[in-house]
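According to this note's numbering, the stretch in the sequence shown is residues 10 to 642, in order.
Encoded as structure tokens, the structure appears first; notes follow it.
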Amino acid sequence: MFSTSFNSDSKSQRKAITIAITINDYTFETSKDFAMFLSPVIKQYFKKNKNSSCFHMQIPDLINPFFRDDYVYISLLFRNKPIFINFRNKGVLSIIAKELKIEELNNKIQLFDDINDTIINNETIILYSEFSKLLVSLNDTNFEESLIEVKDRFSQIDQQFMLNMTLTISETIPQQIEIIIRLLITIDQQKQSNIIQNFVSLVFEDILNYVHVKPACFIIRLLKKENILSDDQISELLYKLEHQKYGGNKSNSGESIIDTVIFRTDDVKFLITHHDTTGDNPDYYFQILKHDDLDSLIACSTKLDFSSHMYAQSCDYDRYMIFSRNHYIRKEGFSFIDICAYFGSTKCFDFLLINNYEITQQTANFAIAGGSSEIIRKADQENMLKISKIMFSYAIYFHRYETFEWLLEKLDCYNVVDYPNNFPYPNDTIDFFTLMKNNSCLIETIKCYNIDTMLCLLSNGAPCECLFIYSMIYDNFYLSKLALSMKHRHGYRPLSCYFGSEPPIHIAIFKNQIDIVESLINEYIVNINDEWNNLSPIESAMQLGHKKLVEILYSHKNINISPTILDSLLYLSLKGNQIDLYRMFQQKKPKLNSVNKNHQSILQTAIKFNHIELSWELLKNPKVRCFIEDNMV
């Protein structure tokens, strides 16, 4: 018989009420307070039935046609009305799993516990999490203290990973761009580490791949102002942009083109050369609201043209324009009250409310992005806080962990709405089940290095299968290795989630992650010959110039090198001037007169890439013909 006790708060004068909980035919007694804590289902029941001393829960089936492993539906009180119990209340789920012998549920609970414990106890991942928090909270007041921390505590962070994180946070929280770049410039000057030039390379790469073009152009203008970039370097960037083919590229994160608008070279040139450098909005009203200048706002309100329908212009204010790319913004500009919500200008906000300005859903979104708890609370009091997916996204992007938890608690856990084929649009309301069923929030936490919120989602039942693949895409390789290390633990399958149709081994090769590739082919036994975009893994490694990976894949017992792949490898080795690899591939005794995917023979390829000695060597070979399938050398 399972039993538990609950010590009531000593300050409470209420006597603890003992009630009976029955799950199917199994009954246990506990205090009413503890029973209500176990599950929102029980809590709701006793709120409606305050005088009841017993609770009965019948579980006819474990029902979930879409994600049976992840969720439990319980039919209670009303037929055909499913009730969802979430993993915030693992106690009652453990009881159900134990007494009804539901092994898969018990495994799922243990898996979430293990993942959280593993992440929390990984010093490197927690260090990265702390660094992301430093960048998000960086300001003039704590700048010197943060600089010391970066040079001391965070000095062991891999520079490439640190710069990727820095660029991601600059793009998602644009008001941090200037002070983050100031931090990088200071570190570069003091440590002579070339960190700023490596950062510039990442920014250039994003522009060349049409990823986050607006924030990247703002960064370039800022670096030019600080004499970090010259006109010649910018001209070279524009030249490369003008002479490359559009589309099909990948960013430094490995992601395909994600901007909805493909910028032309003229657009990029305009953004770099014709916009303001500081980002200061010349709009008078905007500056008043941003700095919460109530006296000036009151003075303006006496003018005849002041009304509740006025908008502040922001066309030249890039940081705000960058932020607004995720909003449905009026062409006229931003509502006064929305600007106050974003910047936390509470005095001006209250004044506008008195003067008939209305709090809208947009206002609530801006308040969450800005992190003003007071304005968020007022929006809630006005019943304008319609919980939506976009709110959770902003809480993640802007690292508003407390706001995220608060939003999660406000979701209706009782009336579950199932969306089997399509999830709500960003501005639609969302329920707890749908939020957890869709992995987009968890992916956003990985992208933004928001470990705290990631742990919160995982502990509430978010599908953890996407951890490996998306931590690879967003360069969090420590998290990728951690996910792989949990092989077969409680039924966990880290390779069950794909990024599009791209096999995991190709992503690992693209990222040049030798340890992960070796783990995939030796421990997970992935298909070492799995093609993607008409390239085998070894061809991808060869094309990217990852020599060590080529050697590892070539020597693997399961490698299958067909004549076509061999011709391709010979071509790529000559193109990349890797003669030692060319000699290694020659051991497979290729057909010297065959034509590769580029319709060229080995001799033609050697001549094309100026390998004079090899060309003569081939010409002296009597088996080599100069005329092959109408291709003349």
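Where a beta carbon is used, it is the ideal one built from N, C-alpha and C, also for glycine.
Query: Thinking C-beta only, is L231 closer than 8 angstroms to I190?; Result: yes
Query: For a minimum of 4 consecutive residues, which ranges assigned as the alpha helix (DSSP H) are wholly contained in the stretch 101–168?; Result: 112–129, 132–146 and 152–160
Query: Quick one: what's H65 bridged to in DSSP?; Result: T31
Query: Report yes if the CB atom of I216 is closer than 8 angstroms to the CB atom of V222, and no otherwise.; Result: yes
Query: What would DSSP say about F55, mapped onto helix, strand or coil?; Result: helix
Query: For Y294, which of C349, L280, H252 and E180 has the nearest alpha-carbon?; Result: C349
Query: Count the other CB atoms, across all protein chains shown, that sit within 10 Å of the CB of Y80; report buried if there are 16 or more and exposed otherwise.; Result: Residue confidence for Y80 is low, a pLDDT of 39 falling below 50, so the modelled location carries little weight and cannot support an answer.
Query: How would you label K160, buried or exposed, when you count the other beta carbons within 10 angstroms and need 16 or more for buried?; Result: exposed
Query: Just to check my reading of the structure: L467 and C473 have Cβ atoms closer than 8 angstroms, yes? What is that Cβ distance to the nearest angstrom?; Result: 6 angstroms
Query: Please state whether DSSP places I83 in a helix, a strand or coil.; Result: Its pLDDT being 41, under 50, I83 is placed unreliably in this model, and the coordinates cannot settle the point.
Query: Determine the extent of the alpha helix (DSSP H) in which Y643 is found, giving its start and end residues.; Result: Because the chain is modelled from 10 through 642, residue 643 falls outside the range shown and cannot be assessed.
Query: Of the residues S179, T462 and Y458, which one's Cα is nearest the Cα of M445?; Result: T462
Query: Residues bridged to A321 by DSSP?; Result: F343
Query: How would you call R386, buried or exposed, if buried means at least 16 neighbouring beta carbons within 10 angstroms?; Result: exposed
Query: Is the stretch 132–152 close to the stretch 165–185, with three or more CB pairs under 8 angstroms?; Result: yes
Query: Say whether chain D places a C-beta atom closer than 8 angstroms to the C-beta of L192.; Result: Within the model displayed, chain D is absent; a lone protein chain is all it includes.
Query: Using 10 angstroms around the beta-carbon of Q169, count the other beta-carbons present and answer buried if the total reaches 16, otherwise exposed.; Result: exposed
Query: Helix, strand or coil for L238 per DSSP?; Result: coil
Query: Report the rounded CA-to-CA distance for P69 versus Y507, giving the unit in angstroms.; Result: Bear in mind that the predicted position of P69 carries a pLDDT of just 44, short of 50, making it unreliable; the figure below should be weighed with that in mind. P69 and Y507: Cα-Cα distance of roughly 34 angstroms.
Query: Report the partner residues of W541 according to the DSSP bridge assignment.; Result: L544
Query: Measuring only the C-alpha atoms, how far is F152 from I547?; Result: 46 angstroms
Query: Kindly list the residues whose CB is nearer than 6 angstroms to the CB of E38, restricted to its own chain and excluding five residues on each side of it in sequence; keep chain order.; Result: T27 and A29
Query: On the DSSP letters alone, give me the boundaries of the alpha helix (DSSP H) that H408 sits inside.; Result: Segment: none, H408 is in no alpha helix (DSSP H) and carries neither H nor E.
Query: On the premise that I396 lies in contact with I439, defined as a C-beta separation below 8 angstroms, what is that separation, rounded to the nearest angstrom?; Result: 6 angstroms
Query: Could you tell me which whole alpha helix (DSSP H) segments of length 4 or greater appear in the stretch 499–575?; Result: 513–519, 523–531, 546–553 and 556–563
Query: Specify the secondary structure class of E38 as computed by DSSP and reduced to three states.; Result: strand
Query: With a threshold of 8 angstroms on Cβ separation, who are the neighbours of N521 within its own chain once the five nearest residues in sequence on each side are excluded?; Result: L553, H555 and L558
Query: Quick check on E411: buried or exposed, where buried means 16 or more other Cβ atoms within 10 Å of its Cβ?; Result: exposed
Query: By Cβ distance below 6 angstroms, which residues in the same chain neighbour Y501 in space, the five residues on each side in sequence not counted?; Result: L120 and M495
Query: Pull up the distance between the alpha-carbon of T369 and that of L420, whole angstroms please.; Result: 19 angstroms
Query: Does the Cβ-Cβ distance between N364 and S310 come in under 8 angstroms?; Result: yes
Query: How far does the alpha helix (DSSP H) with C450 in it reach, from first residue to last?; Result: S449 to K456
Query: Could you check the C-alpha separation between F64 and K52 for me, to the nearest Å?; Result: 10 angstroms
Query: Can you check whether the CB of K600 is closer than 8 angstroms to the CB of P631?; Result: no
Query: What runs of the alpha helix (DSSP H), each 4 residues or longer, lie entirely inside the stretch 575–617?; Result: 588–595 and 611–617
Query: What is the DSSP secondary structure of H397, counted as helix, strand or coil?; Result: In the sequence on display, residue 397 carries Ser and not His. S397: strand per DSSP, three-state reduction.
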